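Engineer:
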Amino acid sequence: MKILKKCVLLLLPLFVFSGCSYTVRQVKGRPSQNLKGGIFYSLPKTRIRLAVTFEYTNFDLAPYADYAEKLLGIEVDDSRAWRIADVDISAVAEPDPDHFYYVEPRFSDISVQVSPKGLLRAINSSFVETAAPDEYSVEQVDRLDISEFLYSAANYNLYEQVDTLYTRHGISGNSENAVLIRSSVEKTDEQRAEETAKQISEIQQKKMEILYGEYESSYNENALTFVYSSLDKEEKRLLQLFTGVKTEITKVFYVDPEVSKVVVDDQIVELFRFSPQTGVADSTDEEAIPIYCNLTIENSLRAVSRYAKGKPSKNHNHKKTSARSNTSAFKYRVPEVTRVNFITPGFTKQKTVKVSQFGTIVELPSRKVEAVFDQRTGELQYLRKH
Numbered sequence: 000m001k002i003l004k005k006c007v008l009l010l011l012p013l014f015v016f017s018g019c020s021y022t023v024r025q026v027k028g029r030p031s032q033n034l035k036g037g038i039f040y041s042l043p044k045t046r047i048r049l050a051v052t053f054e055y056t057n058f059d060l061a062p063y064a065d066y067a068e069k070l071l072g073i074e075v076d077d078s079r080a081w082r083i084a085d086v087d088i089s090a091v092a093e094p095d096p097d098h099f100y101y102v103e104p105r106f107s108d109i110s111v112q113v114s115p116k117g118l119l120r121a122i123n124s125s126f127v128e129t130a131a132p133d134e135y136s137v138e139q140v141d142r143l144d145i146s147e148f149l150y151s152a153a154n155y156n157l158y159e160q161v162d163t164l165y166t167r168h169g170i171s172g173n174s175e176n177a178v179l180i181r182s183s184v185e186k187t188d189e190q191r192a193e194e195t196a197k198q199i200s201e202i203q204q205k206k207m208e209i210l211y212g213e214y215e216s217s218y219n220e221n222a223l224t225f226v227y228s229s230l231d232k233e234e235k236r237l238l239q240l241f242t243g244v245k246t247e248i249t250k251v252f253y254v255d256p257e258v259s260k261v262v263v264d265d266q267i268v269e270l271f272r273f274s275p276q277t278g279v280a281d282s283t284d285e286e287a288i289p290i291y292c293n294l295t296i297e298n299s300l301r302a303v304s305r306y307a308k309g310k311p312s313k314n315h316n317h318k319k320t321s322a323r324s325n326t327s328a329f330k331y332r333v334p335e336v337t338r339v340n341f342i343t344p345g346f347t348k349q350k351t352v353k354v355s356q357f358g359t360i361v362e363l364p365s366r367k368v369e370a371v372f373d374q375r376t377g378e379l380q381y382l383r384k385h
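Read in order, the letters of the sequence shown correspond to residues 0 to 385 in numbering that gives the first Met the number 0.
1. If you draw a straight line from the alpha carbon of I360 to that of V251, how long is it in whole angstroms?
2. Any Cβ of chain D within less than 8 Å of the Cβ of E257?
3. Quick one: residues in its chain with C-beta nearer than 6 Å to the C-beta of K367, no 5 flanking neighbours on either side, listed in chain order?
4. What does A388 pair with, by DSSP beta-bridge criteria?
5. Verify whether the separation of the beta carbon atoms of I47 and V254 is less than 8 Å.
6. Determine the burial state of P96: buried for a count of at least 16 other Cβ atoms within 10 Å of its Cβ, exposed for fewer.
7. Which residue or residues does DSSP assign as beta-bridge partners of S274?
8. Please report how far the alpha carbon of Q204 lies from the alpha carbon of T343, in whole angstroms.
9. Where do the N-terminal and C-terminal ends of the beta strand (DSSP E) with N293 fall, by residue?
10. Taking a contact to mean a Cβ-Cβ separation below 8 Å, would you say L223 touches I199 in this structure?
11. Compare the Cα-Cα distances from Q190 to each of P62, P364, L270 and report the closest residue.
12. Do T246 and N57 come within 8 Å of each other at the CB atom, strictly closer than that value?
13. Which one of V352, V333, Q25 has the shortest CA to CA distance from K294?
14. Do V333 and E378 count as a contact pair if the criterion is CB distance below 8 Å?
15. Cutting at 7 Å between CB atoms, please list the residues of its own chain near Q380, excluding the five before and the five after it.
16. DSSP on E159, reduced to helix/strand/coil?
17. Who are D373's beta bridge partners in DSSP?
18. Which value, in whole angstroms, describes the spacing of the CA atoms of P289 and E193?
19. Check whether the segment 72-83 touches the segment 37-47, taking contact to mean three or more Cβ pairs, one atom from each stretch, closer than 8 Å.
20. Check this for me: beta carbons of K348 and F341, under 8 Å apart or not?
21. Would Y55 and G345 be called neighbours here (beta carbons separated by less than 8 Å)?
22. Quick one: Cα of C292 to Cα of K35, how far?
23. Considering only C-alpha positions, which residue in the set I38, Y21, T22, L49 is nearest to T249?
24. Pop quiz: K330 and Y101 are said to be a contact at Cβ under 8 Å. What is the actual Cβ separation, rounded to whole angstroms?
25. Is D188 helix, strand or coil by DSSP?
26. DSSP state of N57, grouped into three classes?
27. Between which residues of its own chain and Y66 is the CB-CB distance below 8 Å, once the five residues before and five after are set aside?
28. If you follow the alpha helix (DSSP H) that S229 is part of, which residue opens it and which one closes it?
29. If you reduce the DSSP assignment to three classes, tell me which class E257 lands in.
30. May I ask which residues mark the beginning and end of the alpha helix (DSSP H) holding K69?
31. Which parts of the segment 329-374 are runs of the beta strand (DSSP E), unbroken and 3 residues or longer, counting only runs that do not cross its ends?
32. Closest to A280 by C-alpha separation, out of Y218, W81, E220, would be which residue?
33. Taking the DSSP output, what are the residues bridged to E93?
34. How many angstroms separate the CA atom of S89 from the CA atom of E285?
35. Measuring CA to CA, which of P115, A84, I38 is closest to R105?
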């Protein structure tokens, strides 16, 4: 009997140590005791990133814009220099300042991986996720599509004008001598435009001949490909003399989804004001068009949220689960699905993303487990009990 008591006394500390291998505390106020070499991590907070691509047309480099419709059948509206060409919608994770946690290892080993931003990446796992690109490294990217230095078509600006002057001589004035007077006269814009349009037509004809195998030459396939590419490049350069030089500029805008209880499931945010004449306009420009971002929450986690909070079913008589947070458990988030709409007068683009702060907070089992989390959303991707 004494031997049995000794065994129980020896096993008891081991049980206590294994059950309290670490402590997880939410970071609020000052700690009740000194920190002892633990690690901090944060739950993710999602920001919506909208990379809007604007297309700007420089009509100063289009001297023949007035003749584009007449000579090429292209309608050019030089009063609308700017347009919204496209938008890329994505979700970006950053630490939530209201949900930081401190992990203090106690009597056993525990492995905790956090991302460079401080987001929980893995627990007791050697899994290393490929680092996500740093979305904050570039806030504005200019993609220039400007060709080589433009010249006004492959012809001379001057042409030779020949005037014929007749002179009479003799007493009766019956004989005449023709005198040719040569002079150089500058071509008009319309004349230069006509010659450039003719060149464009010739280039298009040559391209068609290559495509249909009618181009008379001894070139091999690689040489013809090079010729076609060169002709295509020259055609685009000449067309810019009529349509202007287009430049793409990408600007990045961020939306912070509001989680206040007074906010409805549909959130509308004005990103900027846009003018076809000036591009992104000042908020005081009454003629500029407001460009909006609309967030619609899917509310797909209502059952998950109720279950996570420990609310019992009405059809069962079991006792209500305690909703008190476990100080020995890691917390993570189950993100909520959200539709993001980018709304412009010309088009609307929609994308579905996962927003962490719209979701619910769940606890891992307090026993030793292996877990891997999504860096962007904080969602649990892998779980295994040891």
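Built from N, CA and C at the ideal position, the CB exists for glycine as well.
On a predicted model such as this, the values are computed, not experimentally measured, just so you know.
Structural biologist: Concretely, from the data shown:
1. Locating residue 360 in the sequence shown gives position 361, counting from the first residue. Locating residue 251 in the sequence shown gives position 252, counting from the first residue. Each residue's Cα considered, the two are about 30 Å apart.
2. Absent here is chain D; the protein component of the structure consists of one chain.
3. If you number the sequence shown from 1, residue 367 lands on position 368. Cβ contact annotation for K367 (same chain, cutoff 6 Å, sequence separation greater than five): H385, in chain order.
4. There is no way to answer for residue 388, as the model of the chain reaches only from 0 to 385.
5. Locating residue 47 in the sequence shown gives position 48, where the first residue counts as 1. Locating residue 254 in the sequence shown gives position 255, where the first residue counts as 1. In this structure, V254 lies closer than 8 Å to I47 by Cβ.
6. The count along the sequence shown starts at 1 and reaches residue 96 at position 97. Burial check for P96: the Cβ neighbour count within 10 Å stays below 16, so the residue is exposed.
7. For the purposes of this step, residue 274 is taken as residue 275 along the sequence shown, with counting starting at 1. DSSP output for S274 lists G278 as bridge partner(s).
8. Working through the sequence shown from its first residue, we reach residue 204 at position 205. Working through the sequence shown from its first residue, we reach residue 343 at position 344. Roughly 39 Å separates the two Cα atoms.
9. Working through the sequence shown from its first residue, we reach residue 293 at position 294. In the DSSP assignment, N293 falls within the unbroken beta strand (DSSP E) covering 288-296.
10. As a working mapping, residue 223 is identified with position 224 in the sequence shown. As a working mapping, residue 199 is identified with position 200 in the sequence shown. It is not a contact, given that the beta carbons lie outside the stated cut-off.
11. Counted from its first residue, the sequence shown places residue 190 at position 191. Closest by C-alpha distance to Q190, out of P62, P364, L270, is P62.
12. Numbered from its first residue, the sequence shown carries residue 57 at position 58. Numbered from its first residue, the sequence shown carries residue 246 at position 247. Yes, the pair counts as a contact, with Cβ atoms nearer than the cut-off.
13. The count along the sequence shown starts at 1 and reaches residue 294 at position 295. Checking the sequence shown, residue 294 turns out to be Leu, not Lys. Residue V352 is the option with its Cα nearest to L294.
14. Position 379 of the sequence shown, counting from 1, holds the residue named residue 378. Position 334 of the sequence shown, counting from 1, holds the residue named residue 333. Contact flag set, yes.
15. In the sequence shown, the residue the question calls residue 380 occupies position 381. Only V371, F372, D373 meet the Cβ criterion.
16. Here the question's residue 159 lines up with position 160 in the sequence shown. Because the pLDDT of E159 is 49, which lies under 50, any placement of that residue in the model is unreliable, and the number read from its coordinates should be weighed accordingly. Three-state DSSP puts E159 in a strand.
17. Against the sequence shown, residue 373 aligns to sequence position 374. For D373, no pairing in a beta bridge is given by DSSP.
18. As a first step, residue 289 is located in the sequence shown; it is residue number 290 there, counting from the start. As a first step, residue 193 is located in the sequence shown; it is residue number 194 there, counting from the start. Straight through space, the alpha carbons of E193 and P289 are spaced by roughly 41 Å.
19. Output reads no: the segment 37-47 does not touch the segment 72-83.
20. Walking along the sequence shown from the start, residue 348 turns up at place 349. Walking along the sequence shown from the start, residue 341 turns up at place 342. Yes, the Cβ-Cβ distance between K348 and F341 is below 8 Å.
21. The residue given as residue 55 occupies position 56 in the sequence shown. The residue given as residue 345 occupies position 346 in the sequence shown. Y55 places its beta carbon 8 Å or farther from that of G345.
22. In the sequence shown, counting from the first residue as 1, residue 292 sits at position 293. In the sequence shown, counting from the first residue as 1, residue 35 sits at position 36. Each residue's CA atom was taken as its position, placing C292 and K35 some 45 Å apart.
23. Numbered from its first residue, the sequence shown carries residue 249 at position 250. Of the listed residues, the one whose Cα sits closest to T249 is L49.
24. Residue 330 sits at position 331 when you count from the first residue of the sequence shown. Residue 101 sits at position 102 when you count from the first residue of the sequence shown. No, K330 and Y101 are not in contact; Cβ-Cβ is about 12 Å, not under 8 Å.
25. By 1-based counting over the sequence shown, the position of residue 188 is 189. Residue state, collapsed to three classes: helix.
26. Residue 57 sits at position 58 when you count from the first residue of the sequence shown. In this structure, N57 counts as strand in the three-state DSSP scheme.
27. As a first step, residue 66 must be located in the sequence shown, where it is residue number 67. Hits under 8 Å: D188, E189, A192, E193, A196, F241.
28. Against the sequence shown, residue 229 aligns to sequence position 230. Per DSSP, S229 is one residue of the alpha helix (DSSP H) stretching across 220-242.
29. The residue you call residue 257 lines up with position 258 of the sequence shown. Under the three-state reduction of DSSP, E257 is assigned to coil, being neither helix nor strand.
30. By one-based count along the sequence shown, residue 69 stands at place 70. Unbroken alpha helix (DSSP H) run through K69: 67-71.
31. DSSP assignment within the segment 329-374 yields the following whole beta strand (DSSP E) runs of 3 residues or more, N-terminal first: 330-342, 347-362, 368-372.
32. Counted from its first residue, the sequence shown places residue 280 at position 281. Taking only the C-alpha atoms, the option nearest A280 is W81.
33. Position 94 of the sequence shown, counted from the first residue, corresponds to residue 93. Partner(s): K44.
34. On the sequence shown, position 90 is the one that residue 89 refers to. On the sequence shown, position 286 is the one that residue 285 refers to. S89 and E285 have their C-alpha atoms roughly 30 Å apart.
35. Within the sequence shown, residue 105 is the residue found at index 106, counting from 1. Closest option to R105, Cα to Cα, is I38.
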